[in-house]
Amino acid sequence: MSRFVAADIARSLKSRIAAGEWADGRPIPAERDLATTFGVARNTVRRAMALLEEEGAVVRQVGRGTFPVQPPDGEIAALVNRMAGASPADMMEIRHLLEPAAAAFAATNASVAELDALIEAHRAGCAAVDMPSFEHWDAEFHHRIFACSRNQLLKELHELIRVLRNQSPWFEMKKRSFSEERRLLYCEEHEAIVEALRRRDAEAARRAMSAHLETVGANLLGRGNGYAGGAARER
């Protein structure tokens, strides 16, 4: 069988998703099965799945597998299209509303296995050597906090925000704001969140997440844009 590069595999899987191949709630086949199907190494499939996740075409659910994100229909599609035009400042405000609450829920609701998965994402982010790798694990870290919250509605709201944040303009903005100094600072702030979750301290987890989002917002929007306390506005 021909050797496919990761981008080719991602395009193939995206076409199959659009055709509704896994629309019945089944997960996409495991990496080892896809590697056999395409005749490539598992790390190539892993990169293809990461590309799809960055595009918002799939979502990974810890312990369950990888699932396609089906395009919405009708009124929901119109709503999502309108949301796609949300400003970065508006997006940060919503993150300030949702993510500290998710962290507080996670402190009391997460299982040991879910916390271990979160710590795994944190360590992978700290070990990342380039911006795309760090962005992947940074997004996965926040995703796993919502999984730890055990609140299904919060998780689904985050999935929607995650899809919007994976669009090209957002990625380019994050790329421009990225630096090694900031990566290390984010890792320190993630560590503070992890420690609060380990202690099962909901209020400390909430505060640590809020402080982290203050840093992220300032770096993305710039302190000169009036960002403060989740009340950012584009000027």
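Heads up: the sequence shown is residues 142 to 376, going by this note's numbering.
Cβ coordinates follow ideal geometry from the N, Cα and C atoms, glycine included.
Note that this is a predicted model, so its numbers are computed, not measured.
Residues of its chain near residue i, where Cβ-Cβ distance is below 7 Å and the 5 sequence neighbours each way are ignored
i	result
Gly365	Residue placement at Gly365 cannot be trusted, given a pLDDT of 42 that sits under 50; the coordinates are not used to answer.
Ala148	Leu192
Leu175	Val186
Phe145	No answer about Phe145 holds up, because its pLDDT of 47 lies below 50 and its placement is not dependable.
Leu239	Leu295, Leu298, His299
Glu261	none
Ala151	Ala189, Leu192, Leu193
Trp311	none
Lys155	Leu193, Ala198
Ala258	Val203, Arg285
Ala160	none
Candidates the options: closest to residue i by CA position
i	options	result
Glu322	Ala251, Met272, Val210	Met272
Lys315	Ala345, Val146, Gly363	Gly363
His281	Asn250, Leu294, Arg306	As written in the sequence, residue 281 is Glu, which differs from the His given in the question. Considering only alpha carbons, the answer is Arg306.
Arg341	Asn250, Trp311, Glu195	Asn250
Arg167	Arg205, Ala160, Gly226	Arg205
Pro241	Val210, Trp163, His299, Ala225	His299
Gly226	Lys296, Val304, Lys155	Val304
Thr207	Ser290, Ile169, Ala262, Trp163	Ile169
Ser320	Val270, Ser156, Arg173, Met224	Val270
Glu194	His277, Val357, Ala343, Glu355	His277
Pro209	Asn184, Trp163, Ala189, Leu256	Trp163
Glu332	Arg264, Ser274, Ala258	Arg264
Ala343	Ser290, Gly197, Ala254	Ser290
Per-residue DSSP class, three states only, for residue i
i	result
Val200	strand
Asn282	Residue identity differs from the one stated: residue 282 is Phe in this sequence, not Asn. Helix.
Glu321	helix
Gly226	coil
Gly206	strand
Lys155	helix
Val304	helix
Close beta carbons around residue i, own chain, < 8 Å, minus the five adjacent residues each side
i	result
Ser318	Asn360, Leu361
Leu354	Met233, Arg236, His237, Glu240, Pro241, Gly371
Leu326	Thr356
Ala157	The amino acid at residue 157 is misidentified as Ala; the sequence shows Arg. Only Trp163 meet the Cβ criterion.
Glu330	Ala349, Ala352, His353, Thr356
Phe172	In the sequence under discussion, the amino acid at residue 172 is Glu, which differs from the Phe named in the question. Excluding positions up to five away in sequence, the list reads Arg183, Val186, Arg187, Met190.
Same chain, Cβ closer than 6 Å to residue i, five either side skipped, listed in chain order
i	result
Leu294	none
Cys267	Cys328
Ala345	Ala337
Asn292	Phe246
Arg324	Phe275
Asp279	Gly266
Would you check if the segment 236-252 and the segment 281-293 touch, i.e. whether three or more CB-CB distances between them fall below 8 Å? yes
Three or more C-beta pairs closer than 8 Å, one from the segment 192-208 and one from the segment 227-242: is that the case here? no
For the segment 322-337 against the segment 348-356, do three or more pairs of beta-carbon atoms, one drawn from each stretch, fall closer than 8 Å, so that the two count as touching? yes
At 4 residues or longer, and completely inside the segment 161-198: list those alpha helix (DSSP H) runs for me, N to C. Fully enclosed alpha helix (DSSP H) runs of 4 or longer: 172-179, 183-196.
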